[in-house]
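Trainee: Residues in the sequence shown are numbered from 1 upward in steps of one, following UniProt numbering. Think of the CB as a built atom: it goes at the ideal place given N, C-alpha and C, for glycine as much as any other residue.
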Amino acid sequence: MALSRDVYRTSLPEIRSPIKRKKDVSCKSRYGQVPKMNGQLEQLEKLDPKKPFKEQETLFIQKLRQCRVLCDFDNPDADVEGKQYKYTILRDIMDYLIQIRDTLSAAIHHEVIGMVSCNLFYTLPSVELTEDEREEDGLVEDVAWLHLSLVYQVFHIFLYHSGFVPISAQYLINRRYLSQLLHLLSSEDKRERVAVRKILVAIYNKFPDVQQFLRKEICYIFLSFISEGRYCNGIPQLLQMMVGIIDGYNISIQDEYYDILEMVLLPLHKCKYFILYYKKLTNCIIEYIKKYPFLREYLINNVLSYWPKTCTEKKIMFLDEIEMILERVHSPKTIKIQDNLFQRLLESLTSPQFQVSKRALSLWKNKVVLDLIYKRNFFDLPDLISALYRAGKMCWHSKTHNISILEYLVDLLQSFYESTVKLPRKDRIKLWKRCILTSQ
Numbered sequence: 001m002a003l004s005r006d007v008y009r010t011s012l013p014e015i016r017s018p019i020k021r022k023k024d025v026s027c028k029s030r031y032g033q034v035p036k037m038n039g040q041l042e043q044l045e046k047l048d049p050k051k052p053f054k055e056q057e058t059l060f061i062q063k064l065r066q067c068r069v070l071c072d073f074d075n076p077d078a079d080v081e082g083k084q085y086k087y088t089i090l091r092d093i094m095d096y097l098i099q100i101r102d103t104l105s106a107a108i109h110h111e112v113i114g115m116v117s118c119n120l121f122y123t124l125p126s127v128e129l130t131e132d133e134r135e136e137d138g139l140v141e142d143v144a145w146l147h148l149s150l151v152y153q154v155f156h157i158f159l160y161h162s163g164f165v166p167i168s169a170q171y172l173i174n175r176r177y178l179s180q181l182l183h184l185l186s187s188e189d190k191r192e193r194v195a196v197r198k199i200l201v202a203i204y205n206k207f208p209d210v211q212q213f214l215r216k217e218i219c220y221i222f223l224s225f226i227s228e229g230r231y232c233n234g235i236p237q238l239l240q241m242m243v244g245i246i247d248g249y250n251i252s253i254q255d256e257y258y259d260i261l262e263m264v265l266l267p268l269h270k271c272k273y274f275i276l277y278y279k280k281l282t283n284c285i286i287e288y289i290k291k292y293p294f295l296r297e298y299l300i301n302n303v304l305s306y307w308p309k310t311c312t313e314k315k316i317m318f319l320d321e322i323e324m325i326l327e328r329v330h331s332p333k334t335i336k337i338q339d340n341l342f343q344r345l346l347e348s349l350t351s352p353q354f355q356v357s358k359r360a361l362s363l364w365k366n367k368v369v370l371d372l373i374y375k376r377n378f379f380d381l382p383d384l385i386s387a388l389y390r391a392g393k394m395c396w397h398s399k400t401h402n403i404s405i406l407e408y409l410v411d412l413l414q415s416f417y418e419s420t421v422k423l424p425r426k427d428r429i430k431l432w433k434r435c436i437l438t439s440q
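1) Grab me the residues of residue 253's own chain with a C-beta within less than 6 Å of its C-beta, minus the 5 sequence neighbours each way, in chain order.
2) In the DSSP assignment, find the alpha helix (DSSP H) that holds residue 191 and state where it starts and stops.
3) Apart from the five residues just before and just after residue 326, which ones in its own chain have a Cβ nearer than 6 Å to its Cβ?
4) Secondary structure at residue 71, three-state DSSP: helix, strand or coil?
5) Whole angstroms is fine: what's the gap from residue 143's alpha carbon to residue 149's?
6) Kindly indicate which three-state DSSP category residue 161 falls into: helix, strand or coil?
7) Drop a sphere of 10 angstroms on the beta-carbon of residue 257, count the other beta-carbons inside from all chains shown, and report buried for 16 or more, exposed for fewer.
8) Grouping DSSP H, G and I as helix and E and B as strand, with all else coil, what is residue 239?
9) Using 8 Å for Cβ pairs, my map puts residue 222 next to residue 194. What's the rounded Cβ distance?
10) Suppose you measure from the CA of residue 57 to the CA of residue 174; what does that come to, to the nearest Å?
11) Just to confirm the assignment, what range does the alpha helix (DSSP H) spanning residue 291 have?
12) Quick check: what's the CA-CA separation for residue 441 versus residue 79?
13) Take the Cβ of residue 248 as the centre, count every other Cβ of all protein chains shown within 10 Å, and call the residue buried at 16 or more, exposed below.
14) Considering only their Cβ atoms, is the gap separating residue 165 from residue 93 smaller than 8 Å?
15) Between which two residues does the alpha helix (DSSP H) carrying residue 229 extend?
16) Does any heavy atom of the ligand MN sit closer than 7 Å to the C-beta of residue 180?
17) Please report the distance separating the alpha-carbon of residue 240 from that of residue 267.
18) Taking 8 Å as the threshold, find out whether the region 185-202 comes into contact with the region 228-242 through three or more Cβ pairs.
19) If you compare alpha carbons, which of 324, 329, 353, 67 is closest to residue 363?
20) Return the chain-ordered list of same chain residues with a C-beta closer than 6 Å to the C-beta of residue 282, the five sequence neighbours on each side being excluded.
21) Exposed or buried, which one is residue 233 when buried takes at least 16 other CB atoms within 10 Å?
22) Return yes when the Cβ of residue 348 is within less than 8 Å of the Cβ of residue 314, no when it is not.
23) Only counting the same chain, and skipping five residues up and downstream in sequence, which positions put a Cβ closer than 7 Å to that of residue 219?
24) Does the beta-carbon distance from residue 213 to residue 159 come in below 8 Å?
25) Measuring CB to CB, does residue 341 end up less than 8 Å from residue 304?
26) Roughly how many angstroms separate the alpha carbons of residue 87 and residue 172, rounded to a whole number?
27) Going by the CB atoms, is the gap between residue 47 and residue 59 shorter than 8 Å?
28) Of all the options 118, 242, 82, 50, which has the alpha carbon lying nearest to the alpha carbon of residue 65?
29) If you measure between the beta carbons of residue 284 and residue 226, is that distance less than 8 Å?
30) Return the residue from the list 140, 74, 76 that minimises the CA-CA distance to residue 187.
31) DSSP three-state call for residue 46: helix, strand or coil?
32) What does the Cβ neighbour count give for residue 228, buried or exposed, with the cut at 16 atoms within 10 Å?
33) Output the boundary residues of the alpha helix (DSSP H) element that contains residue 309.
34) Less than 8 Å between the C-beta atoms of residue 109 and residue 169, yes or no?
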């Protein structure tokens, strides 16, 4: 669906950024030529940060307006000098913003945000990717990235500039503007999605009034994927942004925070393309546990409830997630979740899928998991020994046979048996002897 043109683009044509694939796919133009009325670039002197800011402000604004001129990247041979000169202007603007420390005027706020709108807000081209292609980073690149990357950098530096005044930009960076930024997360170019995330994080931190709106819009993107299967390319970046949002939650949990967890984050475990975002999702779960430790048992048990039944690759990812959670939030108070977790690990050990069995065996060498073994009742030892025996001797794949963890665990279980069964038995014998001697 095409986005509405921004108010700053009323006199400029809409242009789509050409997209190409790296591998075996010809790049065919889907975009019209840039009209002649687009504007011409003029030679301007370089900005000098040593001069007073008021003397340079007019020149700075002129350069910002020149950056609204759009270049035809559909044709690599068209206006090569113009493309290079616009690149030089953007570099000059970026370097100038880095060096000055003056308060930026309302006019500059207006011009910077307008320039960004003219360069970024276009209708994203649709590129059909297979599931395997989608899993490969950097497969699709925007050929206009030479300019777009600098536009994103200028905007990012502008938002974090010491002279940036949020009140002057508040009416410009409104809900419509934010919706257009969120739409750019559908880009097939990963570099652009990362840049958009950085901009959204900056806006979220600078404008408290839009924080709730951004959270709702982000959750809507997630829910569209969960309920309707509408995958957004920017889901990994949004989850990475959510880690920072969760970290900024109030100490007392609110209904909104709980709803995001229960209705959005946890159901993402059952969705397609889980491999693309599971590490970022795990970080969100870990952040929730760090922020609200009383949710630890609830969260781990819910993750276990989404355990895949058949997919080998997904089982391995779930084992990775469990290990990451246990490593970062391990606590002696996890006794209530041990039964469920212990059974899942035993099932993974005896899995007929050798990759799962191999990953489960390596998981048992983790110190945190070993601590959980020590806390188990010794009546569980037969189940564990039986599972280890089947994993080491009966698995059809030779790689599983050769894992040294089997011998390591046998030695561990021997010491565990002595500490939990043999030594207490000796203590009981000594106690009875004392009782007999006392009675005599």
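Mentor: Well, looking at it:
1) 292
2) 190-206
3) 368
4) coil
5) 11 Å
6) coil
7) buried
8) helix
9) In fact, because the Cβ distance is near 19 Å, the residues do not count as touching under 8 Å.
10) 25 Å
11) 274-291
12) What the structure shows of the chain is the stretch from 1 to 440, and residue 441 is not part of that stretch, so it cannot be assessed.
13) exposed
14) no
15) First-last for residue 229: undefined, no H or E at that position.
16) Ligands in the displayed structure: none, and consequently the ligand MN is not present.
17) 17 Å
18) yes
19) 324
20) 321, 324
21) buried
22) no
23) 260, 264
24) no
25) yes
26) 25 Å
27) yes
28) 118
29) no
30) 140
31) coil
32) exposed
33) Element bounds for residue 309: n/a, residue is neither H nor E.
34) yes
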